[in-house]
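Q: Mind the numbering: the sequence shown is residues 178 to 492 in the numbering used here, read in order. This is the structure I want to talk about, given as structure tokens.
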Amino acid sequence: MSAGPSSPNGDRRAALAALAGELRPELHRYCARLMGSVIDGEDVVQDTLARALLALGEQKEKDMEEMPPLRPWLFRIAHNRALDLLRGRAVRRAEPIDAALHIADPANPDPVEMLMRQEAVNTAVSRFAELPTLQRSVVILKDVLDEPLSEIAALLGLTIDAVKGHLARGRARLREINAQADQLQEARPASPAVARYVALFNQRDWEALRALLADDVRLNQSTYPPRAGRADVGRFFTIYANFEGVWLVPAWLDGREVIAVFADRADPKPSYFMWLEWRAGRISFIHDYRYARYVLADAALALAPDARPAGDGAR
């Protein structure tokens with residue numbers, strides 16, 4: 178029996194699924210800086226893709242032709258979702274739209290223009306949170322993602338002159354922030370709970386780790402369906418039992434205590450990280466970024482003092 182022609186809705190969902198894997202790192206670069214946190218940025222990326230799939234599922238076939246191109250549509254969903262979260266935190270700052278300041282020809286940037294872009298790329302993710310939201314969005318889109326001014330204007334609902342104004346003021350403010358920023362705060366020692374988790378993991382004591390799980394514990398691994406409940410999440414350790422070289426080290430990221438994961442003890446740098454949430458001495462949530470390693474690319478991860486990554490303690 179012939180399967181018949183595919184529907185526009187199904188074609189769009191297939192295209193979105195293909196684009197999602199390709200676009201996730203770029204979406205994360207934007208969302209992480211907009212939120213001022215690589216962890217919160219990944220939450221926005223996951224929520225964006227879930228909302229996009231839901232929206233496509235609710236579209237009638239006759240409406241599919243009016244849908245915008247997928248890439249800018251995903252960025253708009255991500256942008257709006259991030260703004261919703263920022264408003265909820267009451268950290269959004271108001272700023273007037275002044276007359277546009279001069280921006281060099283984007284097709285032929287001068288050396289000063291290139292230095293400004295490089296400074297934005299090298300700026301710690303958390304510092305972007307100190308910019309007003311529109312300045313933040315414009316600087317990230319232009320200097321980090323190198324989007325054309327016209328597309329930035331379309332995404333943010335601004336004129337090109339307004340985009341130029343926000344870009345000039347955002348760049349100036351970011352330079353002030355970087356000039357005034359103190360050196361990265363040294364990581365604090367690991368908490369007893371995290372130190373115990375890491376020690377048990379490195380000893381491969383999976384049963385002791387399962388005993389730390391709350392009855393209603395949840396597990397999030399980005400691209401995989403979430404798990405819930407002690408029995409289901411307990412399989413997490415069964416899977417890790419097959420990865421002989423994995424080694425954990427307590428660390429700090431965005432002011433949160435996390436766990437750096439080395440794919441092998443001899444590796445000089447961690448491949449990704451985990452983040453645990455606790456309740457009454459039990460693990461209530463495990464965030465594992467094994468399948469979203471791009472999150473670590475923009476992360477200022479600091480290992481806890483006296484932590485011994487690689488093979489230092491085994492030789």
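Quick reminder that beta carbons are idealized off the backbone N, C-alpha and C, glycines included.
With distances taken between CB atoms, is the gap from A330 to T336 smaller than 8 Å?
A: Residue numbering aside, residue 330 sits at position 153 when the sequence shown is read from its first letter. Residue numbering aside, residue 336 sits at position 159 when the sequence shown is read from its first letter. For A330 and T336, yes; Cβs fall inside 8 Å.
Q: Three or more beta-carbon pairs under 8 Å between the segment 445 to 452 and the segment 320 to 330, yes or no?
A: no
Q: Mind pulling the beta strand (DSSP E) runs of 3 or more residues that sit fully within the segment 363 to 417?
A: 390 to 398, 401 to 405
Q: Could you give the C-beta distance for I436 and V371, rounded to a whole number, given that I count them as a contact under 8 Å?
A: Position 259 of the sequence shown, counting from 1, holds the residue named residue 436. Position 194 of the sequence shown, counting from 1, holds the residue named residue 371. Contact between I436 and V371 holds, with the beta-carbon distance rounding to 7 Å and staying under 8 Å.
Q: Helix, strand or coil for L204 per DSSP?
A: Counting from one through the sequence shown, the residue named residue 204 turns up at place 27. Helix, per DSSP.
Q: Using the Cα positions of Q360 and A301, report the straight-line distance between them to the nearest angstrom.
A: Mapped onto the sequence shown, residue 360 falls at position 183. Mapped onto the sequence shown, residue 301 falls at position 124. Below a pLDDT of 50, predicted positions are generally treated as unreliable, and Q360, at 45, falls in that range; no measurement from the model is reported.
Q: Hey, is the segment 462 to 473 in contact with the segment 391 to 401, meaning 3+ C-beta pairs nearer than 8 Å?
A: Verdict: yes, contact present.
Q: Considering only DSSP beta bridges, list what P427 is partnered with.
A: Taking the first residue of the sequence shown as position 1, residue 427 is located at position 250. BP columns for P427 point to I436.
Q: Just curious, the alpha helix (DSSP H) that L453 is in, first and last residue?
A: To locate residue 453, count along the sequence shown from 1; it is residue 276. For L453, no alpha helix (DSSP H) encloses it; the enclosing beta strand (DSSP E) starts and ends at 449 to 456.
Q: Leaving out five residues before and five after L390 in sequence, what residues of the same chain have Cβ atoms less than 8 Å from its Cβ?
A: Walking along the sequence shown from the start, residue 390 turns up at place 213. Cβ neighbours of L390 beyond the five flanking positions: R407, V410, G411, R459, I460.
Q: According to DSSP, what are the bridge partners of F462?
A: Taking the first residue of the sequence shown as position 1, residue 462 is located at position 285. Answer is R395, E454.
Q: I believe L211 touches I317 by the beta-carbon criterion, under 8 Å. Please report the beta-carbon distance rounded to the nearest angstrom.
A: Counted from its first residue, the sequence shown places residue 211 at position 34. Counted from its first residue, the sequence shown places residue 317 at position 140. With 8 Å as the limit, L211 and I317 qualify as a contact, their Cβ atoms being about 6 Å apart.
Q: By a C-beta neighbour count over all protein chains shown, 10 Å radius and 16 as the cutoff for buried, is A476 buried or exposed?
A: Residue numbering aside, residue 476 sits at position 299 when the sequence shown is read from its first letter. That one is buried.
Q: Can you tell me whether I216 is buried or exposed, with buried defined as 16 or more other CB within 10 angstroms of its CB?
A: Indexing the sequence shown from 1 puts residue 216 at position 39. The residue in question, I216, is buried, as its Cβ has 16 or more Cβ neighbours within 10 Å.
Q: Check A229 in the structure and name its three-state DSSP category.
A: On the sequence shown, residue 229 is found 52 positions in, with the first residue counted as 1. A229 falls in the helix class under three-state DSSP.
Q: If we call anything under 8 Å between Cβ atoms a contact, is L351 one with T310?
A: Here residue 351 is taken as the residue at index 174 of the sequence shown, counted from 1. Here residue 310 is taken as the residue at index 133 of the sequence shown, counted from 1. No, the Cβ-Cβ distance between L351 and T310 is not below 8 Å.
Q: Helix, strand or coil: how does DSSP classify A443 here?
A: Translated into positions along the sequence shown, residue 443 becomes position 266. It is coil, neither helix nor strand.
Q: Report yes if the C-beta distance between V375 and V438 is below 8 Å; otherwise report no.
A: Against the sequence shown, residue 375 aligns to sequence position 198. Against the sequence shown, residue 438 aligns to sequence position 261. In this structure, V438 does not lie closer than 8 Å to V375 by Cβ.
Q: In terms of DSSP beta bridges, what is L480 paired with?
A: Locating residue 480 in the sequence shown gives position 303, counting from the first residue. The partner list for L480 (beta bridge, DSSP) reads A428.
Q: Report, in whole angstroms, the separation of the C-beta atoms of E199 and L322, which I expect to be a contact under 8 Å.
A: In the sequence shown, counting from the first residue as 1, residue 199 sits at position 22. In the sequence shown, counting from the first residue as 1, residue 322 sits at position 145. About 14 Å; that fails the 8 Å criterion.
Q: Determine the DSSP secondary structure at G218, reduced to helix, strand or coil.
A: For the purposes of this step, residue 218 is taken as the residue at position 41 of the sequence shown. Of the three classes helix, strand and coil, the one that applies to G218 here is helix, per DSSP.
Q: What residue range is occupied by the uninterrupted alpha helix (DSSP H) comprising L322?
A: Locating residue 322 in the sequence shown gives position 145, counting from the first residue. It is not in any alpha helix (DSSP H) - L322 carries neither H nor E in the DSSP assignment.
Q: List the endpoints of the continuous alpha helix (DSSP H) containing A339.
A: Within the sequence shown, numbered from 1, the residue matching residue 339 stands at position 162. Counting along the chain, the alpha helix (DSSP H) containing A339 begins and ends at 337 to 357.
Q: Report the CB separation of L396 from A385 in whole angstroms; it is logged as a contact under 8 Å.
A: Along the sequence shown, read from residue 1 onward, the residue named residue 396 stands at position 219. Along the sequence shown, read from residue 1 onward, the residue named residue 385 stands at position 208. That belief does not hold up - the Cβ atoms of L396 and A385 are roughly 18 Å apart, past 8 Å.
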